[in-house]
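Asker: Residues in the sequence shown are numbered from 8 upward in steps of one, following our numbering.
The structure follows.
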Amino acid sequence: MTTAPISNIRNFSIVAHIDHGKSTLADRLIQMTGGLSDREMAGKEQVLDSMDIERERGITIKAQTVRLKYRAKDGKDYIFNLMDTPGHVDFAYEVSRSLAACEGSLLVVDASQGVEAQTLANVYQALDNNHEIVPVLNKVDLPAAEPDKVKQQIEDVIGIDASDAVMISAKTGVGVPDVLEAIVTRLPPPKGDRDATLKALLVDSWYDVYLGVVVLIRVVDGTMKKGNRIRMMGTGAAYDVERVGFFTPKMEQVDELGPGEIGFITAAIKEVADTRVGDTITDDKKPVSEMLPGFKPAIPVVFCGLFPADANDFETLRAAMGKLRLNDASFSYEMETSAALGFGFRCGFLGLLHLEIIQERLSREFDLNLIATAPSVIYKMHLTDGTELSIHNPVDMPDVVKIADIEEPWIEATILTPDEYLGSVLKLCQDRRGAQKELTYVGSRAMVKYDLPLNEVVFDFYDRLKSVSKGYASFDYHLTDYKVADLVKMQILVNAEPVDALSMLVHRTRAEGRGRAMVEKMKELIPPHMFQIPIQAAIGGKVIARETVRALRKDVTAKCYGGDITRKRKLLEKQKEGKKKMRQFGKVDIPQEAFIAALKVDS
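Here it is, written out as structure tokens:
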């Protein structure tokens, strides 16, 4: 395939809220431009969602790219490089790097649902990258579709002209040819100089068992040829290019990629960690003087401990984590040990969905049975001697006397909800110590902005929001800053022994409620032993809640018929002594389910 002139290349991404039909539209575009034959598409929805888990949940996790050929009405041949991006807030960094490689975006909005919180977040990201935006209204064939109202919404909320939005139904294919024409006529071609020194943006990288690390690149200037010696400017490492090509979604090799093109290279790179997303690739002999502006690195915001249910699986878990890290640079982990759970890892994630996906991939792809501790966020502790610590594991917290104050991260949340659920949504945010910033209306829907502490959100805020709004509210957030808070470390003691996996940092006002809920849950889940087991929630030396698991009793007086009461009493006293002794040395077995259920509990 010869390379097209740069004026005939269009690089674009599809941005939208979750479930508004990005991946389905991508399927139609691939089908209509002949990227895959109908036979290859048969029985397979969302061609670009390659992971099983993406298919099952119907979400996109990894941004994918594909190159399509299209003959426009003006008779010219165009090359489209399409990036299908995730819509979920946890994968916003995937979106940011796809946008950095493109000049335009198709903004897909569901004609029945209208503009959602994530739609806003992703569009603003595209506008920050100076993208030309073409609004596309999807699902216009649904009886509930209100295209005119949604067009008005796009203009009011996002502030872009939607009068000539393309009306389509990605599922049936109606209107999709208009999208192809709009890409040609309304999106700008890339700029770049073929004769300049090689300068390319590293968009993504993943590990392939046969090829080593495959690097997805966008060439800005110069050409990327087979046999070139290239240098990564961020890491300073140099490599010889072995293969150059692009995806149609199948891998196709070419001799070179010119300016404005998106494709892949392999160069015997051993580890994905060596290829930093957002890095600039240049010629090793005559490198360019300045790097391209990379995008912000993904910073983990939620942490939790992952432990194998069976201690013998520890090495398998370590290997599995290493393999996942190969393909997901945003996931970080370090070793930790816990008295209750043994050896495991403390892992950092971009959000709760990311945590869930990683857990599911570990159990599914590596057949591991895991226990996760309560999710926590990064707290900043200012000590009395003037030092500052960042802590995400409550177990590492220094002695209370040494702490001057503790700061916790806050976020700004944007929530869009139908009017009738507004009351319950506001109440949920107030309960989570939120402070309302603004409340505006978008048609019949309310848009609320709230400042919320992140540790109240990571627990189960998203689930609660969906349940109080019957699934209609949508939610997006970004970290703002750290604020001083009155936080305390709450421990759960079972038989006077602290269970480290259950300790957590909570706000003083919420500690008692959270503690009571935890001990009640634990009481139901710990099976009775031969002795009484006290379960307590404590802050420092002060117990704030307590429950007791009753002891199993054996009827020691069964063989005494009639006779003197003192003999029975003596036997019962003897039994009592035995139980006291047992309690001193007895070990309480806390079943696995108890940990999992206790960690899920919320007031």
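Cβ atoms here follow ideal geometry from the backbone N, Cα and C, with glycine treated the same way.
Pick helix, strand or coil for F468, following the three-state DSSP scheme.
Answerer: Working through the sequence shown from its first residue, we reach residue 468 at position 461. Correct three-state label for F468: helix.
Asker: Measure the C-alpha to C-alpha separation of I410 and T516 and round it to an integer number of angstroms.
Answerer: Counting from 1 along the sequence shown, the entry for residue 410 is found at position 403. Counting from 1 along the sequence shown, the entry for residue 516 is found at position 509. Those two C-alpha atoms are separated by around 19 Å.
Asker: Measuring straight from C-alpha to C-alpha, what distance separates V513 and M497?
Answerer: Locating residue 513 in the sequence shown gives position 506, counting from the first residue. Locating residue 497 in the sequence shown gives position 490, counting from the first residue. Spanning the two alpha carbons is a distance of roughly 7 Å.
Asker: Residues bridged to G349 by DSSP?
Answerer: Residue numbering aside, residue 349 sits at position 342 when the sequence shown is read from its first letter. Beta-bridge pairing links G349 to S345.
Asker: Go through its chain and collect everything with a Cβ distance to N14's Cβ below 7 Å, but skip five positions before and after it.
Answerer: Start at 1 with the first residue of the sequence shown, and residue 14 comes out as number 7. The sequence as given places Ser at residue 14; Asn does not occur at that position. Cβ neighbours of S14 beyond the five flanking positions: P196.
Asker: How is S119 classed by DSSP in three states: helix, strand or coil?
Answerer: What you label residue 119 is simply residue 112 of the sequence shown in a count that begins at 1. Of the three classes helix, strand and coil, the one that applies to S119 here is coil, per DSSP.
Asker: Can you name the start and end residues of the alpha helix (DSSP H) that R35 belongs to?
Answerer: For the purposes of this step, residue 35 is taken as residue 28 along the sequence shown, with counting starting at 1. That run of the alpha helix (DSSP H) goes K29 to M39.
Asker: Beta-carbon within less than 8 Å of K530's beta-carbon, same chain only, minus the 5 sequence neighbours each way: which residues are those?
Answerer: By one-based count along the sequence shown, residue 530 stands at place 523. For K530, where only same-chain residues beyond five positions count, the Cβ hits under 8 Å are I542, E554, T555 and V556.
Asker: Start and end of the alpha helix (DSSP H) containing R236?
Answerer: Here residue 236 refers to the residue found at position 229 of the sequence shown. Premise fails: R236 lies in the beta strand (DSSP E), R236 to M239, not in any alpha helix (DSSP H).
Asker: Mind listing, in chain order, the continuous beta strand (DSSP E) runs of no fewer than 3 residues lying wholly within the stretch 129-177?
Answerer: Listed in chain order, they are 139-145.
Asker: Look up E419 in the DSSP assignment and say whether it is helix, strand or coil.
Answerer: Mapped onto the sequence shown, residue 419 falls at position 412. E419 falls in the strand class under three-state DSSP.
Asker: Output the boundary residues of the beta strand (DSSP E) element that contains C311.
Answerer: Here residue 311 corresponds to residue number 304 of the sequence shown, with the count starting at 1. Per DSSP, C311 belongs to the beta strand (DSSP E) from V309 to P315.
Asker: Check A545 in the structure and name its three-state DSSP category.
Answerer: On the sequence shown, position 538 is the one that residue 545 refers to. In the structure shown, A545 sits in a strand (DSSP, three-state: E or B).
Asker: Within the same chain, show all residues whose beta-carbon is closer than 8 Å to that of I161, passing over the 5 residues directly before and after it, in chain order.
Answerer: Taking the first residue of the sequence shown as 1, we reach residue 161 at position 154. Excluding positions up to five away in sequence, the list reads L114, V116, V122, P142, I167, A169 and A172.
Asker: Would L55 be called buried (16 or more neighbouring beta carbons within 10 Å of its own) or exposed?
Answerer: Indexing the sequence shown from 1 puts residue 55 at position 48. Summary for L55: the model assigns pLDDT 46, below 50, so the residue's position carries little reliability; its value from the coordinates is reported in the next sentence. The residue in question, L55, is buried, as its Cβ has 16 or more Cβ neighbours within 10 Å.
Asker: State buried or exposed for C436, treating a residue as buried only when at least 16 other CB atoms are found within 10 Å of its CB.
Answerer: One-based indexing of the sequence shown puts residue 436 at position 429. Its Cβ being crowded by 16 or more others within 10 Å, C436 is buried.
Asker: Closer than 7 Å, CB to CB, is V295 near chain D or not?
Answerer: Protein chain content of the structure displayed is limited to a single chain, and chain D is not contained in it.
Asker: Q539 by DSSP, collapsed to three states: which one?
Answerer: Along the sequence shown, read from residue 1 onward, the residue named residue 539 stands at position 532. Note: Q539 maps to coil in three-state DSSP.
Asker: Of all the options Q120, S112 and N145, which has the alpha carbon lying nearest to the alpha carbon of N136?
Answerer: The residue labelled residue 136 in the question sits at position 129 within the sequence shown. That would be S112, whose Cα lies nearest to the Cα of N136.
Asker: Could you say which of D202, T487 and L472 lies nearest to A6 if we only look at CA atoms?
Answerer: The chain is shown only over 8 to 610; residue 6 falls outside these bounds and no answer can be derived.
Asker: Of all the options I190, I422, V226 and K456, which has the alpha carbon lying nearest to the alpha carbon of T204?
Answerer: As a first step, residue 204 is located in the sequence shown; it is residue number 197 there, counting from the start. Cα-wise, what sits closest to T204 is V226.
Asker: Please tell me whether Y457 and G441 are closer than 7 Å, where the distance is taken between their beta carbons.
Answerer: Within the sequence shown, the letter at position 450 stands for residue 457. Within the sequence shown, the letter at position 434 stands for residue 441. Yes, the pair counts as a contact, with Cβ atoms nearer than the cut-off.
Asker: Once the 5 residues before and after A316 are set aside, which same chain residues still bring their CB inside 7 Å of it?
Answerer: Taking the first residue of the sequence shown as 1, we reach residue 316 at position 309. Taken in chain order, the residues that qualify are N376, L377, I378 and Q599.
Asker: Any idea what DSSP makes of E268, helix, strand or coil?
Answerer: Here residue 268 is taken as the residue at index 261 of the sequence shown, counted from 1. Note: E268 maps to coil in three-state DSSP.
Asker: Take L89 as the anchor and find which of V495, L579, F254 and E278 has the nearest alpha-carbon.
Answerer: Working through the sequence shown from its first residue, we reach residue 89 at position 82. Ranking V495, L579, F254 and E278 by Cα distance to L89 puts F254 first.
Asker: From which residue to which residue does the beta strand (DSSP E) around K387 run?
Answerer: Here residue 387 refers to the residue found at position 380 when the sequence shown is read from its first residue. Counting along the chain, the beta strand (DSSP E) containing K387 begins and ends at Y386 to L390.
Asker: Report yes or no: do three or more beta-carbon pairs, one from the stretch 239-254 and one from the stretch 276-296, lie closer than 8 Å?
Answerer: Output reads yes: the stretch 276-296 touches the stretch 239-254.
Asker: Quick check: what's the CA-CA separation for L208 versus E363?
Answerer: Translated into the one-based positions of the sequence shown, residue 208 becomes position 201. Translated into the one-based positions of the sequence shown, residue 363 becomes position 356. Cα to Cα, L208 sits roughly 30 Å from E363.
Asker: Write down the C-beta distance between I175 and V183 rounded to the nearest angstrom, noting that I regard them as a contact closer than 8 Å.
Answerer: Locating residue 175 in the sequence shown gives position 168, counting from the first residue. Locating residue 183 in the sequence shown gives position 176, counting from the first residue. That pair is a contact at about 6 Å.
Asker: Does S370 pass the burial test, meaning 16 or more other C-beta atoms within 10 Å, or should it be called exposed?
Answerer: Reading the sequence shown from its first residue, position 363 is the one you call residue 370. Exposed, because fewer than 16 other Cβ atoms sit within 10 Å of the Cβ of S370.
Asker: Is the distance from the Cβ of G199 to the Cβ of P307 below 7 Å?
Answerer: Position 192 of the sequence shown holds residue 199. Position 300 of the sequence shown holds residue 307. Not a contact, by the Cβ cut-off of 7 Å.
Asker: On the CB-based measure, 16 or more other CB atoms within 10 Å of its CB, does T394 come out buried or exposed?
Answerer: Start at 1 with the first residue of the sequence shown, and residue 394 comes out as number 387. With fewer than 16 Cβ atoms within 10 Å of its Cβ, T394 is classed as exposed.
Asker: Would you mind stating whether T31 and Y77 have Cβ atoms separated by less than 7 Å?
Answerer: Numbered from 1 along the sequence shown, position 24 holds the residue referred to as residue 31. Numbered from 1 along the sequence shown, position 70 holds the residue referred to as residue 77. Against a cut-off of 7 Å, the Cβ pair of Y77 and T31 comes out as no contact.
Asker: Could you compute how far the alpha carbon of A558 sits from the alpha carbon of K583?
Answerer: Stepping through the sequence shown from its first residue, residue 558 is reached at position 551. Stepping through the sequence shown from its first residue, residue 583 is reached at position 576. Rounded to the nearest angstrom, the two C-alpha atoms are 11 Å apart.
Asker: Less than 6 Å between C-beta atoms, sequence neighbours within five positions excluded: which residues of the same chain meet that for D26?
Answerer: Indexing the sequence shown from 1 puts residue 26 at position 19. Excluding residues within five positions, none has a Cβ falling inside 6 Å.
Asker: Which residue comes first and which comes last in the alpha helix (DSSP H) that contains H560?
Answerer: Residue 560 sits at position 553 when you count from the first residue of the sequence shown. The sequence given here has Arg at residue 560, not His. Taken as a continuous stretch (DSSP letters only), R560 belongs to no alpha helix (DSSP H), as it is neither H nor E.
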